[in-house]
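Quick notes on the structure that follows.
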Amino acid sequence: MHNRNNITDKIFWVGTNDRRTHLFENYWPLPKGVAYNSYVIVDEKTAIVDTVEKGTMDEYLDNIAEVLEGRKADYLIINHMEPDHSGSIRSLVERYPEMKIVGNKKTFPMLERFYGIKENLLEVQEGDQIDLGEHKLNFYMVPMLHWPETMVTFETTQGILFSGDAFGAFGTLDGGIFDDELDLDYLDEEISRYYSNIVGKYGRPTQNALKKLSGLEIEMICATHGPIWRSHVADIIAKYDKWSQYKTDEGCVIVYSSMYGNTEKMADNIARQLVKKGIKKVRIHDSSKTHPSYIINDIFKYRGVILGSCAYNGDVFPTMETLINELEHMAIKDHVLGVFGSKSWGGGGLKRLNKFAEEIKWETIEATPEALCAPNNEDFDLCEALAEGMASRLKELYK
11 MHNRNNITDK
21 IFWVGTNDRR
31 THLFENYWPL
41 PKGVAYNSYV
51 IVDEKTAIVD
61 TVEKGTMDEY
71 LDNIAEVLEG
81 RKADYLIINH
91 MEPDHSGSIR
101 SLVERYPEMK
111 IVGNKKTFPM
121 LERFYGIKEN
131 LLEVQEGDQI
141 DLGEHKLNFY
151 MVPMLHWPET
161 MVTFETTQGI
171 LFSGDAFGAF
181 GTLDGGIFDD
191 ELDLDYLDEE
201 ISRYYSNIVG
211 KYGRPTQNAL
221 KKLSGLEIEM
231 ICATHGPIWR
241 SHVADIIAKY
251 DKWSQYKTDE
261 GCVIVYSSMY
271 GNTEKMADNI
281 ARQLVKKGIK
291 KVRIHDSSKT
301 HPSYIINDIF
311 KYRGVILGSC
321 AYNGDVFPTM
331 ETLINELEHM
341 AIKDHVLGVF
351 GSKSWGGGGL
361 KRLNKFAEEI
371 KWETIEATPE
381 ALCAPNNEDF
391 DLCEALAEGM
401 ASRLKELYK
């Protein structure tokens, strides 16, 4: 039984690590891979909680068979229908045809549409319970965290929350499955990047879920990605509370788009002036080289955001357009924004950034430098004014 990973004496991790996939949801980079977590509860009756992406299904089915030791699976709990967690359902149904599939009223239409499954369904509602014997499973609806059908499962005997995508992380589980077995410093960015990229748009639903679950005595959190939380439960809940309220630290993220280095010169000048005025946490990103995943993660950390772009075919540079479209889509709140740009004749970059400023409805800094061809001393004076305005506002907010 060398592949058994005990969470408790009767609950097992049967998930898989994926080090081959480059992009999560075919968009977000996975330099450290990703884990797909699934769990099996072995009691008078047995239950599988969530499944894995179909690309690692063979290993997954072997893991389940090893834990069940010839027993049938009585229940499959579906907390979330996204295919990285539901991709193995059809194969499980073929292997365990008598298994009851547990979900809510929003789960089953997706189950039929994705996989053509419409039999052996058990619908649960808010607060319903399934009795496995020693273990009792209660269900709570957390819609839009981050799909409409999402729910969580709470095992009441030992206080284990099977949380779906909430409290997850990018990164594989290298040798350990629990938070206290892993190097959390190594995974720190993958934890926050997972929240900001995947859950971040849904701040209010996250707050609603945290309030609903606050009365539970949670001893362990078993998410569908990343570490199993047993030693830092309060810490990860506190992080989600902070992030979902869009609370940030004093600092500024500067993102620029530059073809020939002139807009980059302005970005460097602004950064220097920010530091001289006491803003130590300054992060500069070239939108052509840094994936929006990492930029968005920094924006969730720091209150100040300064965006600069050269003009490109009468508009903003394409990679900056990608970033601001993503920011508009995610509807991130409560930041202070500055914009700048450069042009060679007709412009367009700064115009688009000003339009973004109107649409995102963040507080804005008045100075908006735009260099003609290469920045001159007057342009750098305006860059300093932009930095001064940003630094003063951040100092005021965090005094």
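This note's numbering numbers the first residue of the sequence shown as 11 and each following residue consecutively. Backbone N, C-alpha and C define an ideal beta-carbon position, used for all residues, glycine too.
Next item on the list: Going by DSSP, name the residue or residues bridged to V292.
Entry: Paired residues: C262.
Note to self: For G25 and I316, I'd like the C-alpha separation in whole angstroms.
What the structure shows: Using only the alpha carbons, I get a separation of about 41 Å.
Checklist line | Whole beta strand (DSSP E) elements within the stretch 202-268, 3-residue minimum | finding: Segments of the beta strand (DSSP E) lying fully in the stretch 202-268: 230-233 and 259-267.
Check: Using 8 Å as the Cβ pair cut-off and three pairs as the minimum, do the stretch 34-54 and the stretch 65-80 touch?
Finding: Taking a cut-off of 8 Å on C-beta distances, the stretch 34-54 touches the stretch 65-80, as three or more cross pairs fall below it.
Check: Among A57, K286 and G314, which has the Cα closest to the Cα of G143?
Finding: Looking at the Cα atoms, A57 is the closest of the given residues.
Checklist line | Secondary structure, alpha helix (DSSP H): runs of 4+ residues fully inside the stretch 37-94 | finding: Here the runs fully enclosed are 67-78.
Next item on the list: Give the secondary structure of T163 by DSSP, where H, G and I count as helix, E and B as strand, and everything else as coil.
Entry: If DSSP states are grouped into helix, strand and coil, T163 belongs with the strands.
Check: For M11, is the classification buried or exposed, using 16 other Cβ atoms within 10 angstroms of its Cβ as the cut-off for buried?
Finding: Since pLDDT at M11 reaches only 42, below the 50 mark, its modelled position is unreliable, and the value read off the structure follows with that caveat. Classified as exposed, M11 has fewer than 16 neighbouring CB atoms from the shown chains inside 10 Å of its CB.
Next item on the list: Report yes if the CB atom of K42 is closer than 8 Å to the CB atom of E200, and no otherwise.
Entry: It is a contact, given that the beta carbons lie within the stated cut-off.
Notebook entry, point to check: I think I238 touches F164, with their Cβ atoms under 8 Å apart; what is that distance to the nearest whole Å?
Noted result: So it is not a contact: roughly 15 Å between Cβ atoms.
Note to self: Taking the beta carbon of H156 as the centre, do at least 16 other beta carbons fall within 10 Å, making it buried, or is it exposed?
What the structure shows: By the neighbour-count rule (16 or more Cβ atoms within 10 Å), H156 is buried.
Check: What residue range is occupied by the uninterrupted alpha helix (DSSP H) comprising D389?
Finding: First-last of the alpha helix (DSSP H) with D389: N387 to L407.
Item checked: Among D190, P215, F180 and Y212, nearest to Y204 - alpha-carbon criterion -> Minimum Cα distance to Y204 is reached at F180.
Note to self: So the candidates are S402, K115, L86 and M67; which of them puts its Cα closest to the Cα of P107?
What the structure shows: Comparing Cα-Cα distances from P107 to each of S402, K115, L86 and M67, the minimum goes to L86.
Next item on the list: Assign M120 to one of three DSSP states: helix, strand, or coil.
Entry: Of the three classes helix, strand and coil, the one that applies to M120 here is helix, per DSSP.
Notebook entry, point to check: Shortest alpha-carbon distance to V349 belongs to which of G314, T329, A341 and K343?
Noted result: The candidate whose alpha carbon is nearest that of V349 is G314.
Next item on the list: Can you tell me which of P119, C320, D175 and L404 puts its alpha carbon nearest to the alpha carbon of K361?
Entry: Relative to K361, the option among P119, C320, D175 and L404 whose CA is nearest is C320.
Item checked: Length at least 3, wholly inside the stretch 338-388: the beta strand (DSSP E) runs in chain order -> List check, beta strand (DSSP E) in window: 346-353 and 380-382.
Margin query: Per DSSP, what are the beta-bridge partners of L317 in this structure?
Written below: Within the DSSP secondary-structure output, L317 pairs in a beta bridge with V265 and V349.
Check: With a CB to CB cut of under 6 Å and the five nearest residues on each side skipped, what residues in its chain are close to E274?
Finding: These residues qualify, in order along the chain: Y266 and S268.
Note to self: Considering Cα atoms alone, identify which of S402, S96 and T332 is closest to Y37.
What the structure shows: Cα-wise, what sits closest to Y37 is T332.
Notebook entry, point to check: Which class does M151 belong to by DSSP, given the choice of helix, strand or coil?
Noted result: The answer is strand: DSSP assigns M151 an E or B state.
Check: At a cut of 8 Å, does the stretch 245-256 reach the stretch 205-224 through at least three beta carbon pairs?
Finding: Yes, the stretch 245-256 touches the stretch 205-224.
Checklist line | N- and C-terminal bounds of the beta strand (DSSP E) containing E133 | finding: Here the beta strand (DSSP E) through E133 covers L131 to E133.
Margin query: Measuring only the C-alpha atoms, how far is G288 from V162?
Written below: Going from the Cα of G288 to the Cα of V162 covers about 44 Å.
Check: Using the C-alpha atoms, what's the distance from E380 back to S354?
Finding: Straight-line measurement puts the Cα of E380 at about 10 Å from the Cα of S354.
Notebook entry, point to check: What is the DSSP secondary structure of L183, reduced to helix, strand or coil?
Noted result: If DSSP states are grouped into helix, strand and coil, L183 belongs with coil.
Check: Mapping DSSP to helix, strand and coil, what is S303?
Finding: Residue state for S303 is assigned as helix, using DSSP reduced to three classes.
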